[in-house]
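**Student:**
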Amino acid sequence: NAGVTQTPKFRVLKTGQSMTLLCAQDMNHEYMYWYRQDPGMGLRLIHYSVGEGTTAKGEVPDGYNVSRLKKQNFLLGLESAAPSQTSVYFCASSLAVGHLMNTEAFFGQGTRLTVV
Amino acid sequence: DAKTTQPNSMESNEEEPVHLPCNHSTISGTDYIHWYRQLPSQGPEYVIHGLTSNVNNRMASLAIAEDRKSSTLILHRATLRDAAVYYCILRDEGLSNSGYALNFGKGTSLLVTP
Chain A
3 NAGVTQTPKF
13 RVLKTGQSMT
23 LLCAQDMNHE
33 YMYWYRQDPG
43 MGLRLIHYSV
53 GEGTTAKGEV
63 PDGYNVSRLK
73 KQNFLLGLES
83 AAPSQTSVYF
93 CASSLAVGHL
103 MNTEAFFGQG
113 TRLTVV
Chain B
2 DAKTTQPNSM
12 ESNEEEPVHL
22 PCNHSTISGT
32 DYIHWYRQLP
42 SQGPEYVIHG
52 LTSNVNNRMA
62 SLAIAEDRKS
72 STLILHRATL
82 RDAAVYYCIL
92 RDEGLSNSGY
102 ALNFGKGTSL
112 LVTP
C-alpha cells in the first residue's frame, strides 16, 4: 500500500518556467490538499479538493493552479515560477469527515522546489 | 479558526516520559483536538486525536482538560526516533471550512537526548 506519492521529489526551476507537481493516493480518499512549508514554519494550505472535479482556494493560492480530474490524483501547477515559490510542497489526503472510519490525513514525502 | 498555543521547544531524555502541552482557550464544541508530528525531512504523520475523553493508542496518549481549553500529548517512553516537531491542531468537524483542512502552527520541536 503506497499511500500518498508525490512526483518529483526534487526540482530546480528558472524564474518564469512552468511545472506540474503530481500527487497520487491509492486509499480512495475523497479529500486532497496541497500545502507549502517554508523554513522554520508550519504548513500553509494552498488549494484543496473535496471530491473529483472540485477544487477550492486555501490560504496562499496566488501563483498556483490545481486540477482533480481523477479521484486518486491531485495536480499542482506553477504557470510562471518565482523565487518566492521556493519551498517544500506536501500533498495530503483523507476520508471525508463524517466517515465511520478514522479521518486522519496522510501526507506524502514532499517535493523540494527551488526557483532560481 | 480557533488557535492553539504550544511551547517552541522541549527537551527530554531517552526512555523518559514526555508531556507536550497545548492551550486552546477558544475551542468550540465541534473542534476535535488533533496531534501530528513531523520527523526531519518527512511529511507530517498522524499521532492521535480526541474530542472530550482521554485517548490512548500505540503511539501516545492524549489527556484533555475537563473544560477542553488545554490538552497534553503524552509519550510514555521517549526514543531518539521521537525527535520531531509536534503540532497540536483544532479541526472543526461541524463546519466545512477549507475542506476540513488541518491548520498548522509552528508546533513544538522535541529534542530527545541519549
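Those sequence lines, one after another, are chains A and B.
Heads up: the first sequence is residues 3 to 118, going by the numbering used here.
Heads up: the second sequence is residues 2 to 115, going by the numbering used here.
Cβ coordinates follow ideal geometry from the N, Cα and C atoms, glycine included.
Comparing the C-beta of B/A85 with each C-beta of chain A, is any distance below 8 Å?
**Tutor:** No, B/A85 lies away from the interface with chain A (no Cβ there is under 8 Å from its Cβ).
**Student:** Cβ of B/E46 less than 8 Å from any chain A Cβ?
**Tutor:** Answer yes: the Cβ-Cβ gap between B/E46 and chain A drops below 8 Å somewhere.
**Student:** Under 7 Å Cβ to Cβ from A/T7, same chain only, skipping five residues before and after it: list those, please.
**Tutor:** Counting only Cβ-Cβ distances below 7 Å, and skipping sequence neighbours, we find A26 and G110.
**Student:** Helix, strand or coil for B/Y101 per DSSP?
**Tutor:** It is helical.
**Student:** When the cut-off is 8 Å and only beta carbons count, does B/K4 lie next to chain A?
**Tutor:** Taking Cβ atoms only, chain A never reaches closer than 8 Å to B/K4, which makes this a no.
**Student:** For the stretch 98 to 114 of chain B, enumerate the residues whose C-beta is nearer than 9 Å to any C-beta of chain A, in chain order.
**Tutor:** Residues passing the 9 Å Cβ filter: S99, G100, Y101, A102, L103, N104, F105, G106, K107 and G108.
**Student:** Quick one: what's got a C-beta closer than 7 Å to B/G95's C-beta in the same chain, skipping five residues either side?
**Tutor:** Excluding positions up to five away in sequence, the list reads T31.
**Student:** Determine, for A/M29, whether the minimum Cβ-Cβ distance to residues of chain B falls below 8 Å.
**Tutor:** So no, A/M29 is outside the interface.
**Student:** Which ranges would you report for the beta strand (DSSP E) in the stretch 39 to 90 of chain B if only whole runs of at least 3 residues count?
**Tutor:** The qualifying runs are 46 to 51, 62 to 65 and 71 to 76.
**Student:** Just tell me which of B/S13, B/G51, B/V113 and B/P18 has its CA closest to the CA of B/I90.
**Tutor:** Out of B/S13, B/G51, B/V113 and B/P18, B/G51 has the C-alpha closest to the C-alpha of B/I90.
**Student:** Any Cβ of chain A within less than 8 Å of the Cβ of B/P17?
**Tutor:** The sequence given here places Glu at residue 17 of chain B; Pro does not occur at that position. Answer no: the Cβ-Cβ gap between B/E17 and chain A never drops below 8 Å.
**Student:** Which of helix, strand or coil does DSSP assign to B/K22?
**Tutor:** For the record, residue 22 of chain B in the displayed sequence is Pro; it is not Lys. In the structure shown, B/P22 sits in a strand (DSSP, three-state: E or B).
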